[in-house]
Structures are given as C-alpha cells and as structure tokens.
Amino acid sequence: MTAATQPYAGWKDLRRYLAPVTGPDSAGPSGAPFTLLLLHHAGGSAAAFAPLLRHLPAEWRLLSLDLPGRMMAPDERGLRSTGEAVAWLAPLTRGVLDGPYGVFGHSMGALVAYELARELSRGGPPPAWVGLSGAPAPGHRPDRDRRDLWPTERLTGLMRQLGGTPEEVLAIPELVGLMVEVLRGDLAIVDTYTEHPGPPLGAPLSLFTGHDDPVAHPALAAPWATRTTAGTAQHSWPGGHFYLFEHAAAVGRGIARDVSAVRDPLLERPS
9 MTAATQPYAG
19 WKDLRRYLAP
29 VTGPDSAGPS
39 GAPFTLLLLH
49 HAGGSAAAFA
59 PLLRHLPAEW
69 RLLSLDLPGR
79 MMAPDERGLR
89 STGEAVAWLA
99 PLTRGVLDGP
109 YGVFGHSMGA
119 LVAYELAREL
129 SRGGPPPAWV
139 GLSGAPAPGH
149 RPDRDRRDLW
159 PTERLTGLMR
169 QLGGTPEEVL
179 AIPELVGLMV
189 EVLRGDLAIV
199 DTYTEHPGPP
209 LGAPLSLFTG
219 HDDPVAHPAL
229 AAPWATRTTA
239 GTAQHSWPGG
249 HFYLFEHAAA
259 VGRGIARDVS
269 AVRDPLLERP
279 S
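For the sequence shown, the positions run 9 to 279 when our numbering is used.
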C-alpha cells in the first residue's frame, strides 16, 4: 500500500471526516460509548452514510471506511470476495474497538457486515447488534448472473436502474468509467458470495429493506432470521434499493431503537 493511499485505508470517525455533524440526544445506558461500524454498498464509500449522521444518537461513535480501490485511492488493489474483505477488515477493526459495538451494512456492505461480525465473534467480544440493509439472504438472490463480467454499458444501465447516482454524473463519460470499474470489483464480492463456514450469529439482528427493491425486497431478506440464534426485527419503507437515503430520519430512528432495546432490556423491542 503506498503512502498516497494511507489516509483512505482505515476506519474514519464519520462526524469528523464529513462535517461536525451531531445527532439527537439519547437516553441510552451510561458507560462505555457505543461504536457503530458502517459498511458501504457496491460502488460506494464511507461518505454514502452522510444522510444518516444527524439521525443517530449524538453520543455514539460512528466509524466507516472505504474498501480498497475506491476512486480516491485508485492505486490500491481492490478486494474480490467477502473472504478477502473480512481478512482485510478484521485486524483493522479489532484495533479500534473499545467497548460495546454494532455492525451495519447496506447491500454489499450487509454481506461483509454479516461475515465480519461472525469473524469478530470468533476471536473476541461479539457485536451487541447487527443491522443488514438491502441484501437478500444467502441463497435467495433473484439473479445469479455474474454482473462483474458485464460490459461497461450494461453496468452503467444498472447504476441508473438502482438509483443513487445523479443523472448529471452519469452524463460524464470519464467519471462513469471510473465508477464502473469500482462497481465491477465490488460486484465480484456480491456475485461470488457464499456463506462462510461456521456457526450463526449470536447477536440480535435487524433487517432493513425497501418495499420495491428488486434486489432485496422484504421477502428476500426475511430468511436472514435463520442466521442468528438471537431475535430478529424487520423494517421496511417505500422505495427501491437506496430507500434508506430517502428515509434517513426513519431509518436512523429504527437503528437507534433496536440498539437501545438490545442494550437496555427494560425497553421493548419494536416489531
């Protein structure tokens, strides 16, 4: 890894990295601050979580990172499987954890979050909570095509179909070319994914979906409940694959409620 790419290679405090943004005050339990690790979608970056920041409790430590090979660090070798991603993430993550923590991922990030949470549980304290967003359960992806092998034009069409990329950005060929190559590498992680061997999660699980998401609507996400020995909550909002950015306030409140219910057993867990 070159010196030029070092600033992008580790966990970032999102509130300092993006802006001095705080969230709502919370009446959660006292003690060590809660750390929430956020893992981005295919083609995305840590900055994608900016809309959620002001809707998560102010006292939480919010950490995210850019997986290798993003546009800000093009000289890095990208990752091509969840195994590579977890091997890269686990030592970085153990080095920043100090107290209770949770893991949240969207789309590709959900697959990585699930496997990272299992790996961290094997070698140390497990997460208090895991949130999976916009991802079908293992074995339930509706299309088994290897999208990382698609031509540029088809991948550009996929970005347009799923939303989340402004049309004015898609009108700049040079920028689209860079974005497509990042997306191609990330889709290799998604489309070659098979569940890693080992026991299921022991942490409570929350599932987040968009009603109209063609990739991971609620019925495709529901079987994740069999991947934990603890309870599962399921939440859904109107919208497609990037529903969470359209409903950032509601999603943020949902995350905060579910984490609070886990950390304070006197609170009812929402249905």
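C-beta atoms are modelled at their ideal positions from N, C-alpha and C, and glycine is treated no differently.
Check the Cα spacing between W232 and each of S141, L47, S72 and Q169: the tightest is with S141.
P159 sits exposed, since fewer than 16 C-beta atoms from the chains shown fall within 10 Å of its C-beta. With a minimum length of 3 residues, the unbroken runs of beta strand (DSSP E) contained wholly in the stretch 93 to 155 fall at 109 to 114 and 137 to 141.
Taking all protein chains shown into account, G206 has fewer than 16 neighbouring C-beta atoms within 10 Å of its C-beta and is therefore exposed.
Counting only runs of 3+ residues, the beta strand (DSSP E) found wholly inside the stretch 231 to 265 occupies 240 to 245, in chain order. Under the three-state reduction of DSSP output, S89 falls in the coil class, being neither helix nor strand. The secondary-structure analysis by DSSP pairs F57 with nothing; it has no beta-bridge partner.
The beta carbons of L44 and W19 sit no closer together than 7 Å. Contact check for L215 and Q242: beta-carbon distance about 4 Å, within the 8 Å limit, so the pair qualifies.
Contact between A55 and A125 does not hold, since their C-beta atoms are separated by about 23 Å, which reaches or exceeds 8 Å. As computed with DSSP, F216 is found in a beta bridge with S141 and H243. Contact check for A136 and V270: beta-carbon distance about 5 Å, within the 8 Å limit, so the pair qualifies. The beta carbon of A196 lies closer than 6 Å to those of R88 and D156 in the same chain, with the five residues before and after it left out.
Residue L191 holds the alpha-carbon nearest to the alpha-carbon of L166 among H148, L183 and L191. Annotation for R69: the continuous beta strand (DSSP E) segment containing it runs R69 to S72. In this structure, the straight-line span from the alpha carbon of T30 to that of E92 is close to 33 Å. The closest CA to that of P226, considering only G239, G247 and A238, is found on G247. Bridge partners of L44 according to DSSP: L70 and G110.
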